[in-house]
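Working notes for the structure below.
2 protein chains.
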Amino acid sequence: MTLDPSVTAGLLVIGDEILSGRTKDKNIGTIADHLTAIGIALREVRVVADVEPSIIEAVNALRHRYTYVFTTGGIGPTHDDITADAIAKAFAVSIDVDPRAVAIMRPAYEKRGIELNAARLRMARIPAGADLIVNEVSVAPGFRIGNVIVMAGVPSIMESMLHSATAVLQTGAKVVSASIVVSHAEGEIAELFAAHQSQWPQVAMGSYPAFKDGQYATDLVLRSTDPVALSSAYNTLTAKLSEYGFSFVVT
Amino acid sequence: MTLDPSVTAGLLVIGDEILSGRTKDKNIGTIADHLTAIGIALREVRVVADVEPSIIEAVNALRHRYTYVFTTGGIGPTHDDITADAIAKAFAVSIDVDPRAVAIMRPAYEKRGIELNAARLRMARIPAGADLIVNEVSVAPGFRIGNVIVMAGVPSIMESMLHSATAVLQTGAKVVSASIVVSHAEGEIAELFAAHQSQWPQVAMGSYPAFKDGQYATDLVLRSTDPVALSSAYNTLTAKLSEYGFSFVVT
């Protein structure tokens, strides 16, 4: 059971290095936390290789399905950075070095003693009709075209762009959550918990195996966009657990 | 540029807790490393919620596209564990408590003093025609149906199932890799590196920004299923880097 939120998002992680295992992705968790906190529901993530048709297909699938699509990776200066061109093709628009991007990059690079060579100018290639996204870490901007927000893959740069980009997005009701650690295995608590879920359809209830002091335990997580329903579902659950003699810790 | 391997895989991570940010996925990296090591190329990952139509759609999309599909999550004893039923629907087969699974679970549970109640019997629900996958951690098995391998989400249990399942899979040529850390920013090295990629189409070359001793640096990664080509591409790259005065460390 999942909540039916008003503002949704898909995430597309682009990069051979994630699929080969060489780089362990950290952006999915960061973006999931951030979107949950601001009231955008992340509904799907895809990871694809640095292959143009794969990027185009995934972007087009996701952008028609969710309010927003975030992408990470593939906007650097090297030949394997093909995201901006793939996005332009997905939207069937042209792409070229954007004077607005150059105007940001040139003085910042001069100040840092970095040459704005042909490779680095690749990072100023922006699809026609896109808005730039501020990068406070390494200057070369991300961009937004339609409902697609294109960000770097390096976590610190991605975070800067994520905060720049999401400041102006439409957001929905925030999901509030509460959790209880029960000192019993999932299989002991399952029947009671399923009955409780049936009673509170507006609250999404998940159960996750855990360990506590070397013993089996279970995290019960309740989530809802309705704080009153969450509170009631939570209170009646703790009452039921007590009634049936399950010991638990409120977290 | 990505290698064109003979044996490919897709991965489907199932769980609201990943999309909400509550749980940070660790299985993608583990599975990517393992598949790379045994000669199966992971080509795509999707993360979807605990929602039946989402699981069915993703499984069906991936299983027709890749040699194998691995799934993680949603095969526990609670009401939010809906993966087995969703997989049965994706394959249009029936699903019921499987005597083979019960025969494994009952004696092991008795030995551990765990009651095989109705909730735990949910974990013995296996789609018709599936083979069981051994779980050395918590006994309740995973399963394989067609080219789809269904595993638990808890990392230790997933790892046990992954090793059980992949022991009998078809594998392809292993990808070998080599990397060089250049003590220069990506933008300095990009032109030379792009020219080198053009010269060695059978070797996939990726560039990743890094830091070394507080300075900008770049990891250059070369990957190929052809060890001879890899070695030649690697040696000519280090020669070129030296010729053009770029300092680097072989890793």
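Read top to bottom, the protein sequences are chains A and B.
For the first sequence, my numbering gives the first residue as 1, with consecutive numbering after it.
For the second sequence, my numbering gives the first residue as 1, with consecutive numbering after it.
Ideal Cβ positions, reconstructed from N, Cα and C, are used throughout, including at glycine.
A quick note: this is a predicted structure, and the numbers were derived from the prediction, not measured.
Candidates the options, of which the one nearest residue i by Cα
{"i": "residue 38 of chain B", "options": "B:207, B:29, B:5, B:172", "result": "B:172"}
{"i": "residue 224 of chain A", "options": "B:69, B:58, B:20", "result": "B:20"}
{"i": "residue 12 of chain B", "options": "B:55, B:40, B:33", "result": "B:55"}
{"i": "residue 51 of chain B", "options": "B:89, B:247, B:32", "result": "B:89"}
{"i": "residue 185 of chain B", "options": "B:215, B:116, B:238", "result": "B:215"}
{"i": "residue 125 of chain B", "options": "B:32, B:42, B:86", "result": "B:86"}
{"i": "residue 15 of chain B", "options": "A:78, A:45, A:175", "result": "A:45"}
{"i": "residue 131 of chain A", "options": "A:164, A:109, A:118", "result": "A:164"}
{"i": "residue 162 of chain B", "options": "B:218, B:135, B:146, B:211", "result": "B:135"}
{"i": "residue 235 of chain B", "options": "B:127, B:103, B:177", "result": "B:177"}
{"i": "residue 30 of chain B", "options": "B:140, B:133, B:95, B:160", "result": "B:160"}
{"i": "residue 151 of chain B", "options": "B:47, B:18, B:70", "result": "B:70"}
{"i": "residue 129 of chain B", "options": "B:117, B:123, B:143", "result": "B:143"}
{"i": "residue 67 of chain A", "options": "A:148, A:205, A:199", "result": "A:148"}
{"i": "residue 64 of chain A", "options": "A:146, A:188, A:94", "result": "A:146"}
{"i": "residue 84 of chain B", "options": "B:218, B:123, B:155, B:27", "result": "B:123"}
{"i": "residue 41 of chain A", "options": "A:33, A:48, A:26", "result": "A:33"}
{"i": "residue 10 of chain A", "options": "A:36, A:17, A:24, A:23", "result": "A:36"}
Residue i - partner residues in DSSP beta bridges
{"i": "residue 149 of chain B", "result": "B:70, B:144"}
{"i": "residue 314 of chain A", "result": "Here chain A has residues from 1 to 251 only, and residue 314 of chain A is not among them."}
{"i": "residue 206 of chain A", "result": "A:221"}
{"i": "residue 178 of chain B", "result": "B:222"}
{"i": "residue 216 of chain A", "result": "A:211"}
{"i": "residue 131 of chain B", "result": "B:144"}
{"i": "residue 125 of chain B", "result": "B:97"}
Where the beta strand (DSSP E) through residue i begins and ends
{"i": "residue 33 of chain A", "result": "No beta strand (DSSP E) contains residue 33 of chain A, which is instead part of the alpha helix (DSSP H) from 27 to 38."}
{"i": "residue 250 of chain B", "result": "248 to 250"}
Where residue i falls, given that 16 or more other Cβ within 10 Å makes a residue buried
{"i": "residue 201 of chain A", "result": "exposed"}
{"i": "residue 193 of chain B", "result": "buried"}
{"i": "residue 242 of chain A", "result": "exposed"}
{"i": "residue 196 of chain B", "result": "buried"}
{"i": "residue 107 of chain B", "result": "exposed"}
{"i": "residue 190 of chain A", "result": "buried"}
{"i": "residue 103 of chain A", "result": "exposed"}
{"i": "residue 91 of chain A", "result": "buried"}
{"i": "residue 254 of chain A", "result": "Residue coverage of chain A in this structure runs from 1 to 251, which leaves residue 254 of chain A outside it and unanswerable."}
{"i": "residue 59 of chain A", "result": "buried"}
{"i": "residue 207 of chain B", "result": "buried"}
{"i": "residue 73 of chain A", "result": "buried"}
{"i": "residue 6 of chain A", "result": "exposed"}
{"i": "residue 168 of chain B", "result": "exposed"}
{"i": "residue 204 of chain A", "result": "buried"}
{"i": "residue 138 of chain B", "result": "buried"}
{"i": "residue 245 of chain A", "result": "exposed"}
{"i": "residue 209 of chain B", "result": "buried"}
Host alpha helix (DSSP H) of residue i (start-end)
{"i": "residue 102 of chain B", "result": "99 to 112"}
{"i": "residue 235 of chain A", "result": "227 to 243"}
{"i": "residue 89 of chain B", "result": "83 to 90"}
{"i": "residue 332 of chain A", "result": "This structure cannot speak to residue 332 of chain A, because chain A is shown only from 1 to 251."}
{"i": "residue 187 of chain A", "result": "186 to 199"}
{"i": "residue 16 of chain A", "result": "16 to 19"}
Output needed in chain order: residues of the region 156 to 180 of chain B with a Cβ under 9 Å from some Cβ in chain C. The structure shown contains no chain C; its protein chains are A and B.
Quick one, which residues of the region 35 to 52 of chain A are near chain B if we go by CB-CB under 7 Å, in chain order? 36, 42, 43, 44, 45, 46, 47, 48, 49, 50, 51
Residues of the region 68 to 96 of chain A with a CB closer than 7 Å to any CB of chain B: list them in chain order, please. 76, 77, 78, 79, 80
Within 7 Å of chain A by C-beta, residues of the region 209 to 222 of chain B in sequence order: 209, 221
Using a Cβ-Cβ cut-off of less than 9 Å, give me the residues of the region 16 to 37 of chain B that come near chain A, in sequence order. 16, 17, 18, 19, 20, 21, 22, 23, 24, 25, 26, 28, 29, 30, 31, 32, 33, 34, 35, 36, 37
Can you pull out the residues from the region 110 to 139 of chain A whose beta carbon lies closer than 9 Å to at least one beta carbon of chain B? 114, 115, 116, 117, 118, 119, 120, 122, 123, 138
Listed from N- to C-terminal order along the chain, which residues in the region 191 to 204 of chain B have their beta-carbon within a distance smaller than 7 Å of any beta-carbon of chain A? 191, 193, 194, 197, 204
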